[in-house]
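Chains as they are written, first to last, in my numbering: chain A, 17 to 366; chain B, 2 to 162; chain C, 219 to 746; chain D, -18 to 513. A short worksheet on the structure shown next.
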């Protein structure tokens, strides 16, 4: 590995020569704002928010697409840089609905965060704003072109990572939107509803259709493992008032921030009214709620009876590929150590 | 105006087109030639045809649509028999091309980018046809009309009708 | 094909062609050189256009008759790749597409970069409105481009070339197709050219109406079959270009210069033009000019010489106001800079650019705000929409110019316009965005008083912005009724032989009355 | 998986067989497509055209149940063309001569006839596989749910060894485990013959280790598999059945047979999060909590042990399964108490060699891939790095044998079943998700368009599908992606439930039922009354 020495914001650092200025800055905790960067994707260079000043070059340079060089002197927060970022944000706000009060994305919106950080406000103007175009044909999420900043993350995640290619930029220039073929809507496209586009959208342009209303600052995040297949994707469950209200992918070695439709959107079963809430005993063909103590008592009665009359091998247990390791372990231990039988199996074969 | 693509009527063209696709499918970057050929054959890019392109070239339909909407020469409604391109390049512009475009629009009752309902004419503005010394110029199909004046428009159209 | 055959074709054909041209009085011979006849050509020096209007572009033998493919032969049989690169470097030929990057240096980048496949691309997506240099070369002398590309291909180690040509140039496409076929038939393209072991093929790819594809990386995207959205320059295209392979892109005029440089040497080339910008440059001189057309002159020629000596000044004896060079990326050059030398550095120093060679002449009736608006509208239309400053910023700039030309702007808008111009230029992704504000920046620099007139006085000094002008009829009116008859909205009243008047409420400011007014020398219809 | 998910993108060739990866393992499917986009070759062997076939260099659209003939055919080509890794075989493998002898009988022409695919495609696939420096094999139930499933896996293993693709990064032989913790359930000894970590019940030392740890005597008699359990119930041997988190009424083959056993068993305990179809037959139903309401670990398909964390509290009286089991154990007089799953994992690590270095602390961030021997071991990215696990890689040549039930006059179609993207297993969870149901909410049968034409069946028509075991009514989905004599049904749905039709023939070694091949007939329903 070749390394180079450079200075960023008066900090001398030594980094791998293959890094970009943005990566180098990041590696020493200097955050550079950006709206279109994702380390999993090729550099896109569209948002221009990551501009920095590099001594020796007249123009501002985008730090995402500039490789580090030996002796480089980089400034990430000069007046010129900040002014440029403010103008970019101003241009975005000029073409963005002023509805942060009620926008679901509020609090989790990069545009909002940067507008706040750089102190840029909405202003009145008589110019054109993007035409209204909403695609709400997908059961899980909705696209609102007016909130879209065309960072292209959704398009690139769909085509490069999910490799479905259901959406793309449509039209050109100011009229560009993110769309499906012939604007027939996501539901009529190749879209597989994985929601990976939703997960990367920095603004409220691609939003899940939530059953619950919640503000991002109200939710807690708990990292866990998805339950829908053997891939074991890592997810954060978003909870509010003891309810799961959303799921976001975790970028790690297993799923690299990707999910499928089930992992991303099928969480409503957790709080579903059909859930079993108490032990049920069938008496005369009808199920009645009983207490746990009663349930254990019945089990003990039955076990004692069959053990005495029929011996250990009259017991059998089906364990579950959906339960945890600890539970599977205990289940087989129950049969082997307590009921003294090896009649234990699970559904690995189905 | 809605146009439906008549599969029966276009059967021969479709066969020709599919043969063309087979021929180019192995070349790198086949999409642009594929779209250009479709535009040439069908006078526009019908959805049905783009789906064939998607299958043959293994390119997602969304990507094809994205490309097709990027380039000004592709259209999603049929172009007229006579495609009128009014040059609005700088030389033509400073010599009054805008008024000529408006005259065509007035005479045909359509806006630029549109096609008359009898599919006879469509108007497009062009970005410099490269005949600046003869400005203002108009190109109809592949015929160039140099030094066009507003009052010539009627006559030009009459000759084509 | 071999050298003898080239020479025998030349000997057989050349004299005949010249004889024929002389008979038709189209050329004259100056020190044995063929020169097109007429004053217009007198002050020109034609290298890139050397064969234009002289040879038949559909007959490869006519190209060979004027030393065609001799340079390629020389390169393939006598020179190493390194030697070719060195000749190009020594010649100091700079890219004629606009940016002026040294061609030899570019080639060297690709030549020294190891790869299993390399490409050479001819950028024939000439899109600047008001420029048609490349079109002429493609239509009138296609082999000069093919030969230049083959030489470039050999130099960098590419055996595949693409010509990306505008679909708006059907004649050029036709000529090129024919030329490629002819060259293949004679073995001047294809396998083992001149038995040198060098293979080279050229494929035509058509643009489809996107100006931005003139930008190198957008052009590559387009050939690959994508939306023509420029790529960030993390790596040079000379290293990672078309399909990820080292790629050289030069424009038509640049390639047309290659063969003469090989034949006559780098020294010869450097003896023409200026020290930093050797050679000639082709311009398309258009707009309100007496003699419109293509002009090829040595670099460093004074603007005045081009506009007045060759172009004959403005039409109808109007006063020269400005010349716009470099299209939407360029700037306006006012009267006081008519003596500027036309080369890369000098033009840049006054805020314009060489660009690809468009030169649009404006006279006293051209409103510079309107021109700025025209170019901004062009940029808005042609912005690919990828990066924020260009997509959003050009639109806002256009809107302010709209306000200005409608008399609805305030001085604060002007500040905002200036502000936007700098941000868009500073932060846009590609050349299109970076240079889109140039028409505004230069007009702000040289014509600020006109801006102020529009904003403060609500007047258009050039009498061109419709909302800011009024038509009236003066006492000079002879009552001929011509204007009344021609008014499309019946805004003119008056009897025969009685002074007419215009109803300002009805008037749509179409200018018909002014055009038809027969009163001389000063028309009776007046514009304020 | 011998190798890791993150390696997929670096495979030069990917051979997907019997796996509709983009629907069953969508994220792995995405990685496979990413690999293809960045230049990897893709071979797909599947009876249907699936999403991956659109990305494939070769699609081998073979008849269900002919995998072994295909693999043998490919190996024949590789051996004939001397494309195998001679040095690797010499160093690492045994029994090569036997393999050579056996696959001699499978020239591609013969395999092509058995599989119903083009001979050229088999050759092409073999050449692609053999000529790649790193080729990975990925398979799921399309390989294993056959009476010859284990043999097919051996066959794939032969192929991988032949080209030196085992014990190597970015290659390997990779079964993609279907359910979230199939790997873990097997690792944990929830099988009739093995204790945790695949320690054999009949292996004295292992058994004694567990007896010491658990402080009690254990039986060394191999227990019954699921299918055997149902038979033993019918034979009155098993009286008490305890089902945890399973819904065999929908998921298991030959539903009629399952239901009759469940009805018959004396006492049935079902523990689940919803009142499933299986609960109907229970005597006692115990409410458990979902994955979001408890702590623990899952082991994914690449052997990575990862944390499950409690995000919301228990609903009603429902309890985590581990707690219920522990309390039952305690009730039955076995006193060991655990205050949390972490303590259970400590016991697992102590008893299970592959897990011995695994602690909650270590797996907190990114999990750990077993084997993980001790506290300094950060796990194993790919297996058999230094040596093939049994010392030397043993070629186990296997002959192709027909499926147990093949089409005949009465049942002319091969029914093959599988999963779809939008639902999970028996839909206890996904069936309650509106959006998923909006997209697809009922069963269907995919029929080739020519076949449908011949039978006058149109898309959406109701059809009756019959096998020797049962019949169901479902909707026809007319497609051009499947062979004329093959039909496909997803097994998730209870309306028109596919498993009424499937058979219970099992693979003798792994006891996996032949869900991928049963013979059926189809009849178009014209009149309303036919629907009943």
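Glycine included, every Cβ here is placed at the ideal spot set by N, Cα and C.
(request) Could you have a look at residue 272 (chain A) and say whether DSSP puts it in helix, strand or coil? (result) Translated into positions along the first chain, residue 272 (chain A) becomes position 256. It is coil, neither helix nor strand.
(message) For a contact defined as C-beta to C-beta under 7 Å, what are the partners of residue 502 (chain C) on chain B?
(response) Position 284 of the third chain, counting from 1, holds the residue named residue 502 (chain C). Those within 7 Å of residue 502 (chain C) in chain B are 133.
(request) Give the residues from the segment 56 to 81 of chain B that approach chain C closer than 7 Å (Cβ to any Cβ), ordered along the chain. (result) Result list: 67, 68, 71, 72, 73, 74, 75.
(message) Would residue 324 (chain A) pass as an interface residue toward chain D - the criterion being a Cβ-Cβ separation below 7 Å?
(response) Numbered from its first residue, the first chain carries residue 324 (chain A) at position 308. For residue 324 (chain A), the answer is no, since every Cβ of chain D falls outside 7 Å of its Cβ.
(message) Closest to residue 122 (chain B) by C-alpha separation, out of B:109, B:71, B:95, would be which residue?
(response) Walking along the second chain from the start, residue 122 (chain B) turns up at place 121. Cα-wise, what sits closest to residue 122 (chain B) is B:109.
(request) Keeping to the same chain, check which residues put their C-beta closer than 8 Å to that of residue 524 (chain C); ignore five residues upstream and five downstream. (result) Translated into the one-based positions of the third chain, residue 524 (chain C) becomes position 306. Contacts found: 501, 503, 513, 515, 560, 577.
(message) Considering only their Cβ atoms, is the gap separating residue 349 (chain C) from residue 574 (chain C) smaller than 7 Å?
(response) Residue 574 (chain C) sits at position 356 when you count from the first residue of the third chain. Residue 349 (chain C) sits at position 131 when you count from the first residue of the third chain. Yes, the pair counts as a contact, with Cβ atoms nearer than the cut-off.
(message) Could you check whether the Cβ of residue 4 (chain B) sits closer than 7 Å to any Cβ belonging to chain C?
(response) Here residue 4 (chain B) corresponds to residue number 3 of the second chain, with the count starting at 1. Answer no: the Cβ-Cβ gap between residue 4 (chain B) and chain C never drops below 7 Å.
(message) Spatial neighbours of residue 673 (chain C) within its chain, please: C-beta separation below 7 Å, excluding the five flanking residues on both sides.
(response) The residue labelled residue 673 (chain C) in the question sits at position 455 within the third chain. Close CB contacts of residue 673 (chain C) within its chain, under the 7 Å cut and outside five residues either way in sequence, are with 622, 627, 628, 629, 632 (chain order).
(request) Determine which residues of the segment 145 to 167 of chain A have a Cβ less than 9 Å from any Cβ of chain B, and write them out in chain order. (result) For chain B, none of the residues of the segment 145 to 167 of chain A brings a beta carbon within less than 9 Å of one of its beta carbons.
(message) Which residues in chain D have a C-beta closer than 7 Å to the C-beta of residue 347 (chain A)? List them in chain order.
(response) Position 331 of the first chain, counted from the first residue, corresponds to residue 347 (chain A). Those within 7 Å of residue 347 (chain A) in chain D are 171, 225, 306.
(request) Could you list which residues in chain B have their beta carbon closer than 9 Å to that of residue 182 (chain A), in chain order? (result) Position 166 of the first chain, counted from the first residue, corresponds to residue 182 (chain A). Contact note: residue 182 (chain A) reaches chain B through 61, 62, 63, using a C-beta cutoff of 9 Å and chain order.
(request) Using 10 angstroms around the beta-carbon of residue 353 (chain A), count the other beta-carbons present and answer buried if the total reaches 16, otherwise exposed. (result) Stepping through the first chain from its first residue, residue 353 (chain A) is reached at position 337. Within 10 angstroms of the beta-carbon of residue 353 (chain A) lie 16 or more other beta-carbons, which makes it buried.
(message) Distance check for residue 457 (chain D) and residue 432 (chain D), CA to CA, integer angstroms please.
(response) As a working note, residue 432 (chain D) is residue 451 in the fourth chain. As a working note, residue 457 (chain D) is residue 476 in the fourth chain. Their backbone Cα atoms lie some 11 Å apart in a straight line.
(request) Under 8 Å between beta-carbons, which chain B residues line up against residue 580 (chain C)? List them in chain order, please. (result) For the purposes of this step, residue 580 (chain C) is identified with residue 362 of the third chain, where counting begins at 1. At a beta-carbon threshold of 8 Å, the residues of chain B lying near residue 580 (chain C) are 95, ordered along the chain.
(message) What does DSSP give as the partner residue(s) for residue 83 (chain B) in the beta ladder?
(response) In the second chain, the residue the question calls residue 83 (chain B) occupies position 82. According to DSSP, residue 83 (chain B) bridges with B:122.
(message) With a threshold of 7 Å between beta carbons, is residue 33 (chain B) in contact with chain C?
(response) Position 32 of the second chain, counted from the first residue, corresponds to residue 33 (chain B). Flagged as an interface residue toward chain C: residue 33 (chain B), by a C-beta distance shorter than 7 Å.
(request) Compare the C-beta of residue 312 (chain A) with all C-beta atoms of chain D and state if any pair is closer than 7 Å. (result) Mapped onto the first chain, residue 312 (chain A) falls at position 296. Interface residue, yes.
(request) Give the interface partners of residue 91 (chain B) over in chain C, defined as CB-CB distance under 9 Å, in chain order. (result) Here residue 91 (chain B) refers to the residue found at position 90 of the second chain. Within 9 Å Cβ-Cβ: 346, 347, 348, 349, 504, 505, 542, 545, 546, 576, 578, 589, 592, 593, 596.
(request) Could you name the residues of chain B that residue 286 (chain C) contacts, counting a contact when the two beta carbons are closer than 7 Å? (result) The residue you call residue 286 (chain C) lines up with position 68 of the third chain. Those within 7 Å of residue 286 (chain C) in chain B number zero; the least Cβ separation is about 24 Å.
(request) Establish whether the CB of residue 450 (chain C) and some CB of chain A are separated by less than 7 Å. (result) Position 232 of the third chain holds residue 450 (chain C). Against chain A, the CB of residue 450 (chain C) has a partner CB under 7 Å away; the residue lies at that interface.
(request) Output the distance between the C-alpha atoms of residue 361 (chain A) and residue 51 (chain A), rounded to the nearest integer angstrom. (result) Along the first chain, one-based indexing puts residue 361 (chain A) at 345. Along the first chain, one-based indexing puts residue 51 (chain A) at 35. Going by the C-alpha atoms only, they are around 51 Å apart.
(request) Mind listing the chain A neighbours of residue 683 (chain C)? Cutoff is C-beta to C-beta under 8 Å, in chain order. (result) Walking along the third chain from the start, residue 683 (chain C) turns up at place 465. The contact set of residue 683 (chain C) on chain A, defined by CB atoms closer than 8 Å, is empty, because the minimum CB distance reaches about 18 Å.
(message) With a threshold of 7 Å on Cβ separation, who are the neighbours of residue 132 (chain D) within its own chain once the five nearest residues in sequence on each side are excluded?
(response) The sequence position of residue 132 (chain D) within the fourth chain is 151, counting from 1. Answer for residue 132 (chain D): 49, 379, listed in chain order.
(request) Identify the contact partners of residue 48 (chain B) in chain A, using a Cβ-Cβ distance below 7 Å as the criterion. (result) For the purposes of this step, residue 48 (chain B) is identified with residue 47 of the second chain, where counting begins at 1. Near residue 48 (chain B) (Cβ distances below 7 Å), the residues of chain A are 198.
(message) Quick check on residue 184 (chain A): does DSSP put it in helix, strand or coil?
(response) The count along the first chain starts at 1 and reaches residue 184 (chain A) at position 168. In the structure shown, residue 184 (chain A) falls within a strand segment according to DSSP collapsed to helix, strand and coil.
(request) State yes or no: is the beta carbon of residue 205 (chain D) nearer than 7 Å to at least one beta carbon in chain A? (result) Here residue 205 (chain D) refers to the residue found at position 224 of the fourth chain. It does; some Cβ of chain A falls within 7 Å.
(message) On the criterion of 16 or more Cβ atoms from any shown chain inside 10 Å, does residue 173 (chain D) qualify as buried, or is it exposed?
(response) To locate residue 173 (chain D), count along the fourth chain from 1; it is residue 192. Residue 173 (chain D) should be labelled buried.
(message) Which residues in chain B have a C-beta closer than 8 Å to the C-beta of residue 206 (chain A)? List them in chain order.
(response) Walking along the first chain from the start, residue 206 (chain A) turns up at place 190. Correct list: 61, 62, 63.
(request) Would you kindly check if the distance between the Cβ of residue 653 (chain C) and the Cβ of residue 730 (chain C) is under 7 Å? (result) As a first step, residue 730 (chain C) is located in the third chain; it is residue number 512 there, counting from the start. As a first step, residue 653 (chain C) is located in the third chain; it is residue number 435 there, counting from the start. For residue 730 (chain C) and residue 653 (chain C), no; Cβs fall outside 7 Å.
(message) Does chain A have any CB closer than 7 Å to the CB of residue 268 (chain D)?
(response) As a first step, residue 268 (chain D) must be located in the fourth chain, where it is residue number 287. It does: the Cβ of residue 268 (chain D) has a partner Cβ on chain A nearer than 7 Å.
(request) Just the chain B side, please: which residues come within less than 8 Å of residue 429 (chain C) by C-beta, in chain order? (result) Position 211 of the third chain, counted from the start, is the residue given in the question as residue 429 (chain C). Within chain B, the residues near residue 429 (chain C) are 128.
(message) Please tell me whether residue 479 (chain D) and residue 386 (chain D) are closer than 7 Å, where the distance is taken between their beta carbons.
(response) In the fourth chain, residue 479 (chain D) corresponds to position 498, counting from 1. In the fourth chain, residue 386 (chain D) corresponds to position 405, counting from 1. No. Outside cutoff.
(request) Ignoring anything shorter than 4 residues or poking outside the segment 284 to 328 of chain D, list the alpha helix (DSSP H) runs there in chain order. (result) The qualifying runs are 302 to 312.
(request) Please classify residue 542 (chain C): does DSSP put it in a helix, a strand, or coil? (result) In the third chain, residue 542 (chain C) corresponds to position 324, counting from 1. DSSP places residue 542 (chain C) in the strand class (E or B) of the three-state scheme.
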